[in-house]
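J.:
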Amino acid sequence: MSYELDTKKLATMVRGQRANRPLREVADEIGDVSASTLHRLEVGKCPDMAVFLRICNWLNVKPEQFFSYSDPTQTVQQIGQYYSQGQIINLVRSDSALSPVVANVLSAIITAAYEIDRT
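When we follow the UniProt record's numbering, the leftmost residue of the sequence shown carries the number 1, and every step to the right adds one.
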């Protein structure tokens, strides 16, 4: 059993929220975070807890969505008990190993599967 902080997902969300604005401008907006810390975060480095919480507040997201739990004995059915449809889609879309096209196709499949299950 293992818990990890998904730094790739956090970096993706920070880059998306920052858009093309300068790091220094965004760091000032967040408050108590340096531009160099933001840069390290955007390349996947793990922030300290205080910075992580400030970033989550700035992103307006719950910190727990960046934590993952892995247990090789867990089945797909068990995973479904821990993640909602929206969370699963967000995980797929934030996976940097997938192209945007593939992530969109998988998201559509997940949505369709949930719709079928509701009928």
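The C-beta atom is built at its ideal place from N, Cα and C for all residues, glycine as well.
Within the continuous alpha helix (DSSP H) that includes E4, where are the two ends?
T.: Working through the sequence shown from its first residue, we reach residue 4 at position 4. Taken as a continuous stretch (DSSP letters only), E4 belongs to no alpha helix (DSSP H), being part of the beta strand (DSSP E) at S2 to L5.
J.: T7 and C46: beta carbons closer than 9 Å?
T.: Position 7 of the sequence shown, counted from the start, is the residue given in the question as residue 7. Position 46 of the sequence shown, counted from the start, is the residue given in the question as residue 46. Result yes, Cβ atoms of T7 and C46 sit closer than 9 Å.
J.: Using DSSP with H/G/I as helix, E/B as strand and the rest coil, what is Y83?
T.: Translated into the one-based positions of the sequence shown, residue 83 becomes position 83. Under the three-state reduction of DSSP, Y83 is assigned to coil, being neither helix nor strand.
J.: On a Cα-Cα basis, can you pick out the residue from R40, A19, F52 and E42 that is closest to G31?
T.: Position 31 of the sequence shown, counting from 1, holds the residue named residue 31. Comparing Cα-Cα distances from G31 to each of R40, A19, F52 and E42, the minimum goes to F52.
J.: Among L5, I55, K9 and S2, whose alpha-carbon lies nearest the alpha-carbon of A97?
T.: In the sequence shown, counting from the first residue as 1, residue 97 sits at position 97. The residue among L5, I55, K9 and S2 with its C-alpha nearest the C-alpha of A97 is K9.
J.: Looking only at its chain, what residues have a beta carbon closer than 6 Å to the beta carbon of I89, apart from the 5 residues adjacent to it on each side?
T.: Position 89 of the sequence shown, counted from the start, is the residue given in the question as residue 89. S107 and I110.
J.: For S96, does the three-state DSSP call read helix, strand or coil?
T.: For this step, residue 96 is matched to residue 96 along the sequence shown. Here S96 sits in coil by DSSP.
J.: Tell me whether S34 sits in a helix, a strand or coil according to DSSP, three-state version.
T.: Here residue 34 is taken as the residue at index 34 of the sequence shown, counted from 1. S34: coil per DSSP, three-state reduction.
J.: Rounded to the nearest angstrom, what separates P22 and V33 at their Cα positions?
T.: The residue you call residue 22 lines up with position 22 of the sequence shown. The residue you call residue 33 lines up with position 33 of the sequence shown. Roughly 13 Å separates the two Cα atoms.
J.: Quick check on the DSSP output: the beta strand (DSSP E) that includes F67 runs from which residue to which?
T.: Mapped onto the sequence shown, residue 67 falls at position 67. Note, F67: beta strand (DSSP E), F67 to S70.
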